[in-house]
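Everything below concerns the one structure shown next.
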Amino acid sequence: MIVSTFLTLLSCKTNEQKFRISPIYAEPKKITSDVSENGVSHKFNTFKEITERLNPLIFMISKEENLLKFRLQGNISSSSHYINHIQKIRIEEELTGNTLRLKYIVEIKRIAGKENSNIRGYNYTKDETYKIPAGAKIITIELYENFVNKSSDAKPRLTAQQSFNFFAHM
Numbered sequence: 003m004i005v006s007t008f009l010t011l012l013s014c015k016t017n018e019q020k021f022r023i024s025p026i027y028a029e030p031k032k033i034t035s036d037v038s039e040n041g042v043s044h045k046f047n048t049f050k051e052i053t054e055r056l057n058p059l060i061f062m063i064s065k066e067e068n069l070l071k072f073r074l075q076g077n078i079s080s081s082s083h084y085i086n087h088i089q090k091i092r093i094e095e096e097l098t099g100n101t102l103r104l105k106y107i108v109e110i111k112r113i114a115g116k117e118n119s120n121i122r123g124y125n126y127t128k129d130e131t132y133k134i135p136a137g138a139k140i141i142t143i144e145l146y147e148n149f150v151n152k153s154s155d156a157k158p159r160l161t162a163q164q165s166f167n168f169f170a171h172m
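Heads up, the final residue of the sequence shown is numbered 172 in my numbering, and it's a clean run with no missing numbers.
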């Protein structure tokens, strides 16, 4: 029992590849609109985002020997009568000649329910450290979003792509 608990704790050890999610907040804003035909003004409420929404992006943090450190970032919308939650990010690797292709797929699950009216979505970031295999000179990293519980014919959507050419550096 003690040994299995200890092994469980060791397997839960976190490293620098931590996945971070933060909400995108909005605040109510009153707007007045004038109708020019009859001169009547209408007041209504809308929401203005107060948290910066991260653009989908992949950028290199550092390159040391055969290690590449980079960051994946993006955002998903979540409001109204469906809540979108990020379940995980999975990776698919493909090495063809001297070109390495890394596909990071953000799996999003849509849950029925009502999102808080002050939340408009979620930003996400993940720092990755990847050991570059011998012979790989060009690395293409792609970031996709995939709704896991939509129809089976729905394909992941490409949100960001970045290539790194290490011919001159190796």
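For every residue, glycine included, the Cβ atom is placed at its ideal position computed from N, Cα and C.
Pick from the options that is closest to residue i, judged by C-alpha positions
| i | options | result |
| --- | --- | --- |
| threonine 127 | Arg55, Ile85, Asn68 | Arg55 |
| threonine 161 | Asn57, Asn125, Glu95 | Asn57 |
| lysine 50 | Gly99, Pro158, His83, Arg122 | Arg122 |
| leucine 70 | Glu147, Ala114, Leu102, Thr131 | Thr131 |
| lysine 20 | Gln75, Glu39, Glu96 | Gln75 |
| arginine 103 | Ile26, Gln164, Pro30 | Gln164 |
| tyrosine 84 | Tyr146, Asn118, Gly99 | Asn118 |
| isoleucine 140 | Thr101, Asp129, Lys157 | Thr101 |
Beta-carbon proximity list for residue i, same chain, < 6 angstroms, skipping 5 on both sides
| i | result |
| --- | --- |
| serine 35 | His44 |
| lysine 105 | Glu94, Glu144 |
Classification of residue i by the beta-carbon crowding that lies within 10 angstroms, buried from 16 upward
| i | result |
| --- | --- |
| isoleucine 4 | Because the pLDDT of isoleucine 4 is 42, which lies under 50, any placement of that residue in the model is unreliable, and the number read from its coordinates should be weighed accordingly. Isoleucine 4 comes out exposed. |
| serine 6 | Annotation note: pLDDT 38 at serine 6 (below 50); position unreliable, coordinate value reported separately. Its Cβ having fewer than 16 others within 10 Å, serine 6 is exposed. |
| cysteine 14 | Only weak support exists for where cysteine 14 lies, its pLDDT of 38 falling under 50; the coordinates are left without a value. |
| glycine 137 | exposed |
| threonine 10 | With a pLDDT of 36 at threonine 10, under the threshold of 50, the predicted position of this residue should be treated as unreliable, and no value is reported. |
| leucine 97 | exposed |
| alanine 28 | buried |
For residue i: DSSP bridge partner residues
| i | result |
| --- | --- |
| proline 158 | According to DSSP, which records beta bridges pairwise, proline 158 is partnered with nothing at all. |
| arginine 22 | Thr127 |
| leucine 70 | Lys65, Tyr132 |
| lysine 31 | Thr48 |
| glutamate 147 | Val108, Arg159 |
Proximal residues to residue i (C-beta, below 7 angstroms), its chain only, five neighbours per side dropped
| i | result |
| --- | --- |
| asparagine 68 | Lys133, Ile134 |
Chain-order list of residues whose beta-carbon lies under 8 angstroms from that of residue i (same chain, five-residue window excluded)
| i | result |
| --- | --- |
| valine 150 | Gln89, Glu109, Ile110, Lys111 |
Terminal residues of the beta strand (DSSP E) in which residue i lies
| i | result |
| --- | --- |
| serine 43 | 43 to 51 |
| arginine 112 | 101 to 114 |
| lysine 139 | Segment: none, lysine 139 is in no beta strand (DSSP E) and carries neither H nor E. |
| leucine 97 | 84 to 98 |
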